[in-house]
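Enquirer: Quick note: the sequence shown uses my numbering, first residue 14, plus one each step. Even glycine gets a Cβ: it sits at the ideal position worked out from N, Cα and C. Below are the structure tokens for one structure; questions will follow.
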Amino acid sequence: MEELQKIAKVNGTPVLIIDHEKIRQNYREFKENLPRVQAYYAVKANSDPEIVKTLYELGSSFDVASFPEFMVVYENIKHLPEKERQDFIWDKIIYANTIKQEETLRKLDQYKPLVTYDNVEELKKIREHCPHAGLVLRIRVPNTGSMVELSSKFGAHPGEAVDLIEEAFRSGVVVEGISFHVGSQCNNFENYIQALQLSASIFKEAESRGHRIKILDIGGGFPAKYHNKVKSFKTLARKLNSEFKRLFPDDIEILAEPGRFIVATTGTLVTKIIGKAVRDGKTCYYLDDGVYHTFSGVVFDHCRYPLKAFKEGEKKISSVFGPTCDAFDTISIAEELPELEINDLLYAENIGAYSIASSTYFNGFPPAKIIHINK
Ligand SMILES: Cc1ncc(COP(=O)(O)O)c(C=O)c1O
């Protein structure tokens, strides 16, 4: 706690502190529990180049969703000899956004990465603008109960999957794998089980039509330990490992795209109270960070970040707002806080994923400063 106050004093607020030792712990926990799975860190969760660098040094692979994200990863390999660089891109980067601009596809083609698709129009674009890529077909799977639902926007219906695979081969591009995403912060492990069963039947049907699929990409969704109702990752990993064994041949490659699991618990935000009012008998605090900034996850990620004070005292329900002129900039209307004053600091833990990643400059307020510790 003293450390947080010290960092805020030296750097000002709002300040997002990223603990790289926690990144290493989370990555190791992922790898140790899922030894068959290659971890492609989903850069979208937090694309800070220092985070990507730490993961690169750990041997991670990467899932990118745009050309700028691709370049954040590329920065770490640009010094390598051409052959090594190309091998890295082929083995360790997947462009896992099923919808790509034509211009992006043209740029990607020279690097020949794995790219995902989930519909015939995208297939036509890939064939025309990025024919050297390896393709991964994303299928739609149940997202029941996940904090962030993705299946309404992405994924081919499992019933049309093999036709889409055939169509790709027929048009001269190569399908390497099948992917899915069970929804982010998935605490309902049944989603994974159903997704694996659907994938296994697509593998089988594709093989019966003469197409051997080599890669299974199980996406993201691995739940971060925000609170103690989150089920254990070990339990999920045990289920996954036994389903891999039961449903898939030993020689297929299994990938995953964990984002939140790797970075959520690594970030702590320190923010300052810049205003205070009493409205209808309730104390309202105004902070120098809000939902247009590091607390963006309150809106986009359906996430809560309990605020903690550095002071003791009897707690009462208060409202907490961000600094902009928009009433939408509301962090919480039911936060339990002691009596606080202007210039007091508050902190929020587990705010490393999908937070600063969607921060804006709305009203002229810049994103929080990022400080890296334990690098
Ligand atoms: C294609 C894809 N892969 C991976 C992820 C990362 O998911 P998570 O942060 O739940 O691990 C996302 C998140 O939206 C995604 O869209």
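Which residue's Cα is closest to the Cα of leucine 350: Asp100, Lys238, Ala52, Val333?
Expert: Measuring from the Cα of leucine 350, the nearest candidate turns out to be Val333.
Enquirer: Which whole-angstrom value describes the C-beta separation of valine 188 and phenylalanine 182, a residue pair presumed to lie in contact below a C-beta threshold of 8 angstroms?
Expert: Confirmed, Cβ separation roughly 6 angstroms.
Enquirer: Considering only their Cβ atoms, is the gap separating asparagine 204 from glycine 234 smaller than 9 angstroms?
Expert: Yes. Within cutoff.
Enquirer: Please report the distance separating the alpha-carbon of isoleucine 228 from that of isoleucine 267.
Expert: Each residue's Cα considered, the two are about 6 angstroms apart.
Enquirer: How would you write the range of the beta strand (DSSP E) that glutamate 203 sits in, first residue to last?
Expert: Note, glutamate 203: premise wrong, no beta strand (DSSP E); alpha helix (DSSP H) at 203-221.
Enquirer: Taking threonine 279 as part of the alpha helix (DSSP H), name the residues at either end of that continuous run.
Expert: That residue, threonine 279, is in no alpha helix (DSSP H); it is neither H nor E in DSSP.
Enquirer: Taking 8 angstroms as the cut-off, does the CB of aspartate 197 come closer than this to any heavy atom belonging to ligand 1?
Expert: Correcting the residue identity first, residue 197 is serine in this sequence and not aspartate. Yes, Cβ of serine 197 sits closer than 8 angstroms to a heavy atom of ligand 1.
Enquirer: In terms of alpha-carbon separation, which member of Val276, Asp122, Pro171 lies closest to serine 192?
Expert: That would be Pro171, whose Cα lies nearest to the Cα of serine 192.
Enquirer: Could you spell out where the beta strand (DSSP E) holding leucine 148 opens and where it closes?
Expert: Residues 147-151.
Enquirer: How is the beta strand (DSSP E) around histidine 385 delimited, first residue to last?
Expert: Run containing histidine 385: 382-386, per the beta strand (DSSP E) assignment.
Enquirer: Phenylalanine 334 lies in the alpha helix (DSSP H); which residues open and close that run?
Expert: Careful: phenylalanine 334 lies outside any alpha helix (DSSP H), inside the beta strand (DSSP E) at 329-334.
Enquirer: Using the C-alpha atoms, what's the distance from threonine 337 back to isoleucine 226?
Expert: Using only the alpha carbons, I get a separation of about 51 angstroms.
Enquirer: Between proline 27 and aspartate 357, which are expected to be in contact by the criterion C-beta below 8 angstroms, what is the C-beta distance as a whole number of angstroms?
Expert: Not a contact, Cβ separation roughly 14 angstroms.
Enquirer: So which of Val65, Tyr318, Glu70, Lys96 has the shortest CA-CA distance to phenylalanine 83?
Expert: Nearest option by C-alpha distance: Val65.
Enquirer: Which two residues bound the contiguous alpha helix (DSSP H) that contains tyrosine 130?
Expert: No alpha helix (DSSP H) contains tyrosine 130, which is instead part of the beta strand (DSSP E) from 127-130.
Enquirer: Out of Asn110, Lys166, Ala237, Asn254, point me to the one whose CA is closest to leucine 209's CA.
Expert: Closest option to leucine 209, Cα to Cα, is Asn254.
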